[in-house]
Amino acid sequence: MRRRWMAAVAVSVAGLLTLSACGGGDKQESGGEAARKVEVFSWWTGPGEADGLKAMREIFAKQNPNLEFFDAAVAGGSGDQARALLSSKLQANQPPDTFQGHAGAELQDYIKSGKLESLNFLYDDLKLKEVFPQQLIDQITVQGQVYSVPVNIHRSNVLWFNPSVLKKAGIDGAPKTVEEFVTDLDKVKKSGKIPLSIGSQWTLVHLLESVLLGSLGTDAYNALWTTGADWSNANVTEALENFKTILSYAGSPQDDWQPAAKQVADGEAAFNIMGDWAYSYFHNPSPGGLGKESHKDFDWAASPSTDGTFMWLSDSFTLPKGTPNRDGAIAWLTMAAGKEGQDAFNPLKGSIPARKDADQSLYKDYLSWDLEQWASDKLAGSIQHGVVANNQWRQAITDAVGLFQQDKDVAKFQQALVAAARNSGQ
Ligand code: GAL
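FYI, in mature numbering (1 follows the signal peptide of the UniProt record, and there is no 0) the residues of the sequence shown are -23 to -1, 1 to 403.
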């Protein structure tokens, strides 16, 4: 498959720079407050999100007693708010020391505008090419350079459900196909519960990616992100009709993904389609999570008609150019790339490690299922979480989804998606 944003070429020997030879770090050398403080920018503030970050922060403090983690997280699921602020900080050449971004097309924007340093020196120094899967390295390599350290793999296409609500509606287990899903949504509606919970607008783009994948199939979905892809065909129309039908069963939009997931945990709603960060929210003990029991209080399956495909995304950390504490940022990246950091972060974040050599025994319950699926499934990339579409394209899709939510006009929606693909600049 040809991805325009991806140019997987071998690493050039010119990238063989050492940590100390890379410049920067003056503040580190001069000592003082600025040298200690490492500003880490993310959007992991809420329940189910902050636990993982806290675990990494503890490892970081242990490994770097001379440095001080500074949490620059901006609240808001999926980082829509954070990215807006980040982009103005980068424009003004006032980057944080390191920021979280999604591997794939999203980071391309920052790379193309020259905002990121290549991390080839760190990959060589820490031998990271040996520990990350080749497919991941391929996806994050641009003309021989790697610009980010992936800390995890998340799965986007997960159907979360409340087994008791399903049972009361006369549904025996999770729906496997889009058709079964629609039948089940209708049964739940008749039972008086909310069939499908949804959150703020980005969660609808998240829902759309699962419905597109399930309706079109993996190859046709992946083809949407290649040059000259045909977004105007009848299969896309049918997928959008499915989206319209599914959306007609949605409850009132909640403020973010957590309250929507909570409706399922509380037995108010039957289904929610969300990434597997929802697992940590359901499962982590309070106060970080809801402390619910899997297979009893909540359960999961591949989102309808997507079994056998892993719609992936990866949270990654970067080294912005001109960062105030470059050495501190490199210390953060080193921790995030390491086995100890990844094994502390991921079991609490509801994700699996990007590293191949992580301690598999730490990944239990949903996470052991996740590891198996990652090893055996076909891959598709997430739209909302930065893999297949750059920021401009995703924004155009988000705007189209917002209008569609109001007017429910499939033909107009499809035209907007055709235009979004044409004008993406990707
Ligand atoms: C994703 C991110 C996840 C999780 C989620 C919900 O974009 O990759 O780590 O934070 O948003 O906020």
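Even for Gly, the Cβ is constructed at its ideal location relative to N, Cα and C. Keep in mind it's a predicted model, so treat the numbers as computed, not measured.
* **Cα-Cα separation, Pro110 to Gly29** => Near 22 Å, if we compare the C-alpha coordinates of Gly29 and Pro110.
* Member of Lys355, Ser141 and Thr160 whose CA lies at the smallest distance from the CA of Gly285 -> Lys355
* Can you tell me whether DSSP reads Gly56 as helix, strand or coil? -> In this structure, DSSP gives Gly56 a helical state, which the three-state scheme calls helix.
* What is the rounded straight-line gap between the Cα of Gly379 and the Cα of Asp161? -> So the alpha carbons of these two residues sit roughly 26 Å apart.
* Asked: When the Cα of Gly54 is compared with those of Lys316, Trp234 and Tyr258, which residue comes out closest?
  -> Trp234
* To do: List in chain order: all unbroken alpha helix (DSSP H) runs of 4+ residues lying wholly within the stretch 76 to 129.
  => Entirely contained in the stretch 76 to 129, the alpha helix (DSSP H) runs reaching 4 residues are, in chain order, 82 to 89, 97 to 102 and 111 to 117.
* **Residues bridged to Pro297 (per DSSP)** => Pro297 pairs with Leu93.
* **Host beta strand (DSSP E) of Gly358 (start-end)** => Lys355 to Gly358
* Asked: Would you say the beta carbon of His272 comes nearer than 8 Å to a heavy atom of ligand 1?
  -> Every heavy atom of ligand 1 is 8 Å or more from the Cβ of His272, so no.
* Asked: So does Asp28 have its beta carbon nearer than 8 Å to some heavy atom of ligand 1?
  -> no
* Return yes when the C-beta of His260 is under 8 Å from any heavy atom of ligand 1, and no when it is not. => no
* Asked: Taking C-beta to C-beta, are Ser125 and Ser293 nearer than 9 Å?
  -> yes
* To do: Say yes only if the C-beta of Trp254 is nearer than 8 Å to one or more non-hydrogen atoms of ligand 1, and no if none qualify.
  => The answer is yes for Trp254.
* Cβ of Leu310 within 9 Å of Cβ of Leu44? -> no
* **Residues bridged to Phe390 (per DSSP)** => Partner(s): none; Phe390 has no beta bridge.
* **Cβ contact check for the stretch 214 to 228 and the stretch 258 to 275: 3 or more pairs under 8 Å** => no
* Asked: Nearest to Lys298 by alpha carbon, out of Val159, Ala242 and Gln68?
  -> It is Gln68 whose Cα lies nearest to the Cα of Lys298.
* To do: Determine the DSSP secondary structure at Ala247, reduced to helix, strand or coil.
  => strand
* **Same chain, Cβ closer than 8 Å to Asp232, five either side skipped, listed in chain order** => Gly176 and Ser177
* To do: Could you tell me if the beta carbon of Gln58 falls within a distance shorter than 8 Å of some heavy atom in ligand 1?
  => no
* What span of residues does the alpha helix (DSSP H) with Pro172 cover, start to end? -> First-last for Pro172: Ile171 to Leu173, but that is the beta strand (DSSP E), not the alpha helix (DSSP H).
* To do: Specify whether the stretch 138 to 153 and the stretch 192 to 205 touch according to this definition: at least 3 beta carbon pairs, one from each stretch, less than 8 Å apart.
  => The stretch 138 to 153 vs the stretch 192 to 205: no contact.
* To do: Using a threshold of 9 Å, state whether the C-beta atoms of Leu173 and Ala206 are closer than that.
  => The answer is no: Cβ separation not under 9 Å.
* Contact between the stretch 340 to 348 and the stretch 150 to 157 (3+ Cβ pairs under 8 Å) -> Contact fails between the stretch 340 to 348 and the stretch 150 to 157, because fewer than three Cβ pairs, one in each stretch, are under 8 Å apart.
* Asked: What is the DSSP secondary structure of Thr195, reduced to helix, strand or coil?
  -> helix
* Asked: What is the DSSP secondary structure of Thr286, counted as helix, strand or coil?
  -> Here Thr286 sits in strand by DSSP.
* Asked: To the nearest angstrom, how far is it from the Cα of Gln5 to the Cα of Glu35?
  -> Bear in mind that a pLDDT of 41 at Gln5, under 50, signals an unreliable position, so the number given afterwards is only what the model happens to contain. Rounded to whole angstroms, the separation of the alpha carbons of Glu35 and Gln5 is 21 Å.
* Is Val182 closer than 9 Å to Thr375 when the C-beta atoms are compared? -> For Thr375 and Val182, yes; Cβs fall inside 9 Å.
* Asked: What residue does the beta strand (DSSP E) around Phe138 start on, and which one ends it?
  -> In the DSSP annotation of this structure, the continuous segment of the beta strand (DSSP E) that includes Phe138 starts and ends at Val135 to Phe138.
* Asked: When we look at the beta-carbon of Lys39 and count the other beta-carbons within 10 Å, is it buried (16 or more) or exposed?
  -> exposed
* To do: Give the straight-line distance between the Cα atoms of Leu103 and Lys89, rounded to the nearest whole angstrom.
  => 25 Å
* **Proximal residues to Trp289 (C-beta, below 8 Å), its chain only, five neighbours per side dropped** => Ile130, His131, Arg132, Ser133, Trp351, Leu356, Ala357, Gly358, Ser359 and Val364
* Asked: Of the choices Ile114, Pro262, Glu157 and Gln122, whose alpha-carbon is the least far from that of Glu26?
  -> Pro262
* Ser73 and Glu156 look like a contact to me (Cβ under 8 Å); what is the Cβ gap, rounded to whole Å? -> Checking the sequence, you will find Pro at residue 73 rather than Ser. That pair is no contact at about 46 Å.
* Asked: For Lys14, which beta-bridge partners are listed by DSSP?
  -> Answer is Glu45.
* Look up Ile329 in the DSSP assignment and give the residues it is bridged to. => Ile130
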